[in-house]
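Read the structure below first, then the notes.
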Amino acid sequence: LLEVRHGRPQPARDDKAIASWNGLALAALAEAGRRLERADWLNAACDLADFLLGSLSDAEGRLYRTFRAGQAKTTGFLEDYADVANGLYELHVATGDLRYLEESLRLARLAARLFADEERGGFYLSPADGERLVARGKVFDDHPTPSGNSMLAFVLLRLSRIYGDAELERQAVSVFRLLRSALERAPAAFGHALCALDLHFSPPRELAIVGPPDAPVARAALAPYDPNAVVAFGPAHGVPLLEGKDYVDGKPAVYVCERFTCRVPVTEPRELAATPV
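When we follow my numbering, the leftmost residue of the sequence shown carries the number 1, and every step to the right adds one.
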């Protein structure tokens with residue numbers, strides 16, 4: 001039967017790369033590579049990030065939607081920016097490379113500028129300077145993947161806690177206001193929006209880590225599963241959560257903070273047991 005099937009015309013294969021799907025894959029490779037200690041997955045994630053920020057971006061740093069046969073096409077949509085920004089944040093947590101955090105912030109702020117509905121709140125699917133449409137629509141349901149609104153709200157909240165930026169938080173909260181009644185009627189349709197809302201209402205928990213991700217104290221700090229904690233690796237200037245934080249006696253250190261008020265830094269994994277993370 002297989003030989004007969006091979007003799008028939010073969011169906012066309014959709015082999016284009018889509019920015020948003022690759023952003024989701026980037027986040028998965030980064031977190032799985034970090035938790036399962038798979039260097040090959042982390043290398044693949046770094047290569048993917050280079051592709052997204054290179055071949056799938058224009059000269060001004062804006063994302064394209066698709067890539068096929070060596071050519072990028074179509075202006076990026078909301079979900080492209082949101083998913084890629086989230087993937088870059090996860091890659092920063094996995095590698096400690098500040099460039100990925102900075103690129104995540106750049107894309108998130110760019111998305112907010114291109115897609116925000118300043119009058120009613122939330123974010124449109126298409127950019128303000130994109131194709132002229134009869135009406136610019138918004139998508140909120142998280143089936144089968146997170147909507148651009150849900151993911152961007154999640155990313156904006158994470159970055160707002162690292163950079164102390166109240167405007168990023170305000171833009172994220174504007175999504176929740178639009179979803180309030182829908183969440184009560186059909187919560188199963190908005191799973192990722194609920195995750196973002198849970199982050200919004202959770203007590204701020206910030207981990208400022210000075211040193212490499214493979215340092216024992218850093219690995220101990222990131223071992224628990226806490227989706228509502230935000231993480232930034234330093235030392236670095238220009239990141240408010242990392243300002244004034246450095247190695248302690250030459251050792252990697254973890255600063256556990258809440259609203260930028262930090263406990264005494266710890267340098268040994270066993271000390272984290274006495275410092276809730």
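Every residue, glycine too, gets a C-beta built ideally from N, C-alpha and C. For clarity, every value in this text was computed on a predicted model and none was experimentally measured.
In the DSSP assignment, A208 falls outside any alpha helix (DSSP H) and within the unbroken beta strand (DSSP E) covering 205 to 210.
Assigned with DSSP and collapsed to three states, F140 falls in coil, not helix or strand.
If you draw a straight line from the Cα of Q10 to the Cα of A69, it is about 19 Å long. When the Cα atoms are used, T66 and A72 turn out to be separated by approximately 6 Å.
Partner residues in the beta bridge of L63, as assigned by DSSP, are S57. For R8, DSSP assigns no beta-bridge partner whatsoever. Around the beta carbon of N43, fewer than 16 other beta carbons lie within 10 angstroms, which makes this residue exposed. Here DSSP, grouped into helix, strand and coil, assigns G70 to coil. For E103, the CB contacts under 7 Å within the same chain, skipping 5 residues up- and downstream, are L53, L88 in chain order. In this structure, L178 places its C-beta atom within 8 Å of the C-beta atom of G122. A contact is defined here as three or more CB-CB pairs under 8 Å, and the segment 133 to 142 fails this definition with respect to the segment 83 to 99.
C257 has E206, C262 as its beta-bridge partners, per DSSP.
Excluding five sequence positions before and after P146, the CB atoms of its chain that fall closer than 7 Å to its own CB belong to H192, given in chain order. Using a C-beta cut-off of 8 Å, the segment 75 to 86 makes contact with the segment 8 to 25, since at least three inter-stretch Cβ pairs fall below that distance. At a Cβ-Cβ threshold of 8 Å, A273 and V210 do not count as neighbours.
For T75, the three-state secondary structure derived from DSSP is strand.
Taking a C-beta distance under 8 Å as the contact criterion, C195 and P224 do not qualify as a contact pair. A distance below 8 Å separates the beta carbons of G234 and A208.
Annotation note: the segment 120 to 203 contains the following uninterrupted alpha helix (DSSP H) runs of length 4 or greater, listed N- to C-terminal: 148 to 163, 166 to 185, 191 to 201.
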